[in-house]
Amino acid sequence: MNKETIVSTRPDRELKKKIITPGDYTLVPYEDSRCRINLSDVKCTNVNGNCEIEANSRIFSGSFDGNVLIGDSDCFIDQDFELILQQMCCGEVCEAQMVYRDNAGVLVKEISCKIELREVTEEQLISDWSWQRLYEAATHHKECGVQLVREKRITDAFRRFNKSLKMLVAIEPIDPETIDADRVKEMVDLRVKLYNNLAHCQLQYNQYDAALELCNRALKHDPDNLKALYRRCVAYHGLNMYEEAWADIQHALKIDPNDKAAQQKANMIRPKIEKINKEYTNLVKKMFS
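Going by the numbering used here, the first residue of the sequence shown is number 1, and it counts up by one from there.
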């Protein structure tokens with residue numbers, strides 16, 4: 001039996017594996033590879049004894065079907081599991097250990113299991129994908145992100161939206177002789193939605209500068225995009241840039257005067273604008289009195 005090797009380590013977690021049966025070193029999983037595995041001898045403990053793994057885990061759930069698509073997991077434990085898989089060879093059997101600790105170094109969770117990597121479907125490198133496949137992947141990751149937002153898993157959603165955007169960027173430069181104008185428009189629309197969705201995620205953590213930049217990118221493609229105007233207004237408001245926020249929300253209300261969120265935001269900003277205008281008027285009076 002081979003000695004234990006460290007797959008990945010950082011202060012709050014360590015991933016390790018020990019080979020029981022070696023596999024084919026010429027066939028290993030990488031991003032977007034499809035793996036077929038057997039998972040057994042699963043144990044999860046902490047300082048108090050046995051504990052639950054993670055409610056959001058697909059791989060360690062009772063419904064897991066043995067299939068893993070590398071790069072398609074949302075739960076952090078499943079993502080760590082994928083890192084171990086990427087250090088395995090087809091046919092390999094290993095004992096894996098995933099150890100998580102808090103900031104004080106106290107054990108939060110330790111997962112051990114036996115993994116058999118039965119099959120690996122070799123995939124093209126992303127750099128060799130067709131534009132059709134890249135676009136399909138971008139759409140898939142965007143839809144997964146939207147569902148994660150509904151579940152209030154904002155960090156996981158941000159990761160999906162970011163991955164979707166990378167797939168779109170990989171299509172560039174766009175060849176007009178290969179991709180027709182209607183599909184190009186769809187790609188631009190998807191990009192705007194992704195910028196908006198990424199901005200929404202940033203706003204949930206009060207990352208106003210990052211949200212502002214994302215909204216600017218969306219509005220560069222679609223200057224009248226209501227969501228981008230509203231979210232840029234929220235970002236400006238968070239940065240105490242009230243006049244800029246006011247301009248955006250007024251623009252949004254011209255596009256849709258009945259938008260409830262825009263109306264509420266305008267009512268929130270109006271006292272600030274009235275105060276700014278009053279102070280400016282008083283200053284002018286003093287200058288010319």
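Even for Gly, the Cβ is constructed at its ideal location relative to N, Cα and C. It should be emphasised that the depicted structure is a prediction, and the values quoted were computed from it without experimental measurement.
How about residue i and residue j: are their beta carbons less than 9 Å apart?
i	j	result
P176	V184	yes
R35	R58	Note that residue 35 corresponds to Cys in the displayed sequence, not to Arg. Taking 9 Å as the Cβ cut-off, C35 and R58 do not qualify as a contacting pair.
D65	L15	no
T5	K17	yes
N196	A247	no
K320	E95	As displayed, the chain neither begins before 1 nor continues past 289, which places residue 320 out of reach and without an answer.
I255	L226	yes
A137	M167	yes
H140	F161	no
Y242	K278	no
S127	D41	no
By Cβ distance below 7 Å, which residues in the same chain neighbour residue i in space, the five residues on each side in sequence not counted?
i	result
G238	N206, Y208
V7	L15, K16, K17, L83, I84, Q87
T45	C51, E110
D78	S57, R58, I59
Spatial neighbours of residue i within its chain, please: CB distance less than 6 Å, with the 5 preceding and 5 following residues excluded, ordered by chain position.
i	result
G91	G23, D24
T21	V93
V28	C89
F60	I53
E31	I70, G71
Q204	I154
I171	W131, L134
A252	L226, L229, Y230, A262
E244	Y236
C144	R160
V149	A157
E119	R36
With a cut-off of 8 Å on the beta carbons, I'd call residue i and residue j a contact; round off their distance for me.
i	j	result
A235	A211	4 Å
R13	Y100	5 Å
V47	L107	5 Å
L165	L194	5 Å
C201	F158	4 Å
V68	I19	The Cβ separation is near 19 Å, so there is no contact.
S33	E122	7 Å
For the beta strand (DSSP E) that contains residue i, what are its first and last residues?
i	result
Y100	93-101
E14	13-21
T9	5-10
For the alpha helix (DSSP H) holding residue i, just list the boundary residues, first then last.
i	result
L69	Counting along the chain, L69 falls outside any alpha helix (DSSP H), though it belongs to the beta strand (DSSP E) covering 67-69.
L83	76-85
T232	Here the sequence assigns Arg to residue 232, which means Thr is not the residue at that position. Here the alpha helix (DSSP H) through R232 covers 226-238.
C318	In this structure the chain extends from 1 to 289, so residue 318 is not present and cannot be described.
Excluding the five sequence neighbours on either side, which residues of its own chain have a C-beta within less than 8 Å of the C-beta of residue i, listed in chain order?
i	result
I249	L229, Y230, C233, A262, K265, A266, I269
L192	According to the sequence shown, residue 192 is Val rather than Leu. These residues qualify, in order along the chain: A218, H221, D222, N225, A228.
V146	A157, N197
K3	K18
Using a Cβ-based criterion (distance less than 8 Å to any ligand heavy atom), does residue i qualify as near the ligand GDP?
i	result
E122	No copy of the ligand GDP appears in this structure; indeed no ligand is present at all.
### Query
At what residue ranges does the segment 120-187 contain a whole run of the alpha helix (DSSP H), taking only runs of 4 or more?
Entirely contained in the segment 120-187, the alpha helix (DSSP H) runs reaching 4 residues are, in chain order, 131-150, 154-171.
### Task
Within the segment 29-65, note down every full beta strand (DSSP E) run reaching 3 residues or more, in order along the chain.
34-46
### Query
In chain order, which alpha helix (DSSP H) runs of at least 4 residues are fully inside the segment 242-282?
242-255
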